[in-house]
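Sequential numbering from 1 applies to the sequence shown in my numbering.
Built from N, CA and C at the ideal position, the CB exists for glycine as well.
I have placed the structure first, in the form of structure tokens, so that the comments after it can refer back to it.
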Amino acid sequence: MLLIDDDDASRNVVRSALSRDGYRLIEASTGEEGIDLYEAQQPALVLLDIILPGIDGLETCRRLRARGDVPIMMVSVRDDEVDKVVGLELGADDYITKPFGVRELAARVRAMLRRTVLSEKAAAQQKQLDYPDLHLDLPTRTVVVKNQVQKLTPKEFDLLFFLASQPRRVFTREEIVEAVWGYRPVGNDLRTVDTHIKRLRQKLEEAYDVPWSVATVWGVGYKFEIEE
Numbered sequence: 001m002l003l004i005d006d007d008d009a010s011r012n013v014v015r016s017a018l019s020r021d022g023y024r025l026i027e028a029s030t031g032e033e034g035i036d037l038y039e040a041q042q043p044a045l046v047l048l049d050i051i052l053p054g055i056d057g058l059e060t061c062r063r064l065r066a067r068g069d070v071p072i073m074m075v076s077v078r079d080d081e082v083d084k085v086v087g088l089e090l091g092a093d094d095y096i097t098k099p100f101g102v103r104e105l106a107a108r109v110r111a112m113l114r115r116t117v118l119s120e121k122a123a124a125q126q127k128q129l130d131y132p133d134l135h136l137d138l139p140t141r142t143v144v145v146k147n148q149v150q151k152l153t154p155k156e157f158d159l160l161f162f163l164a165s166q167p168r169r170v171f172t173r174e175e176i177v178e179a180v181w182g183y184r185p186v187g188n189d190l191r192t193v194d195t196h197i198k199r200l201r202q203k204l205e206e207a208y209d210v211p212w213s214v215a216t217v218w219g220v221g222y223k224f225e226i227e228e
């Protein structure tokens with residue numbers, strides 16, 4: 001996996017935490033160097049600090065996401081909701097704030113990699129979902145709304161497919177984090193769900209007149225609702 005961080009102490013912590021689990025880490029101290037390493041070695045996961053010299057982590061995230069669906073975890077000393085929202089909107093899959101526990105970091109990395117493996121296995125089964133004005137194809141990770149192909153981030157697709165695969169069933173945000181992100185939520189993780197739901201609505205429901213929605217069940221969670 002690829003670590004992009006210009007702070008030596010932080011890289012040492014991450015290296016120590018992940019080497020215990022047998023992960024091989026390649027490292028970069030700038031966004032430009034990280035993008036070059038990504039293209040050369042195609043890592044299974046990217047850990048990306050927001051504050052970098054040259055192009056910052058957010059722009060680096062955008063450029064990496066344009067190159068593929070590699071899982072990206074943003075890392076930052078700033079516990080700023082704006083940074084989190086922007087990072088997730090640019091295609092990051094998770095966000096962890098420094099200082100973090102090495103066990104938490106390792107657990108999140110394992111969860112992200114596990115979700116990737118499960119998605120690949122599910123894709124091999126050629127699963128598809130069809131509703132009025134909506135087609136979801138898991139093998140190609142394609143979303144078609146009213147005959148128009150829509151561009152979603154990997155986690156936006158995972159979230160929509162998860163909810164749409166069980167229409168009208170209500171899921172708590174905790175259940176969604178565990179199912180889609182693959183770990184038990186802590187701290188502000190639940191806000192990540194809200195951010196992704198908001199983006200899905202903006203891209204799909206608010207842009208098109210469709211007979212379905214990702215509905216809020218107040219005090220409980222969310223569900224995929226289909227109009228009768």
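TODO: Compare the beta carbon distance of CYS61 and GLY87 with 8 Å and say whether it is the shorter of the two.
DONE: yes
TODO: For my contact list, ALA164 and LEU129 are in at a C-beta cut-off of 8 Å; report their separation, rounded to the angstrom.
DONE: 5 Å
Task: At least 3 beta-carbon pairs within less than 8 Å: the segment 99–107 vs the segment 15–27 - done: yes
Task: Extent of the continuous beta strand (DSSP E) run through ILE176 - done: Premise fails: ILE176 lies in the alpha helix (DSSP H), 173–176, not in any beta strand (DSSP E).
Open item on the list: My output table needs one value for GLY221: the three-state DSSP class, helix, strand or coil.
Closed with: strand
TODO: Give the range of the beta strand (DSSP E) segment to which THR142 is assigned.
DONE: 142–145
TODO: Assign VAL70 to one of three DSSP states: helix, strand, or coil.
DONE: coil
- [ ] Quick one: grab the DSSP three-state call for VAL210.
- [x] coil
- [ ] Taking VAL214 and ARG201 to be in contact with their CB atoms under 8 Å, please state how far apart those CB atoms are, rounded to whole angstroms.
- [x] 6 Å
TODO: Compute the Euclidean distance between the alpha carbons of ARG114 and THR216, then round it to the nearest angstrom.
DONE: 28 Å
- [ ] Can you tell me which of the three DSSP states LEU45 falls into?
- [x] coil
TODO: Inspect the beta-carbon positions of ASP133 and LYS146 and report whether they are closer than 8 Å.
DONE: yes
Open item on the list: Can you find the residues in the same chain that come closer than 8 Å, C-beta to C-beta, to TYR23, ignoring five residues on each side of it along the sequence?
Closed with: MET1 and VAL109
Open item on the list: Are the CB atoms of MET73 and ILE50 within a distance shorter than 8 Å?
Closed with: no
- [ ] Have a look at the DSSP bridge pairing and note the partners of SER10.
- [x] Looking at the DSSP assignment, SER10 forms no beta bridge with any residue, so it has no partner.
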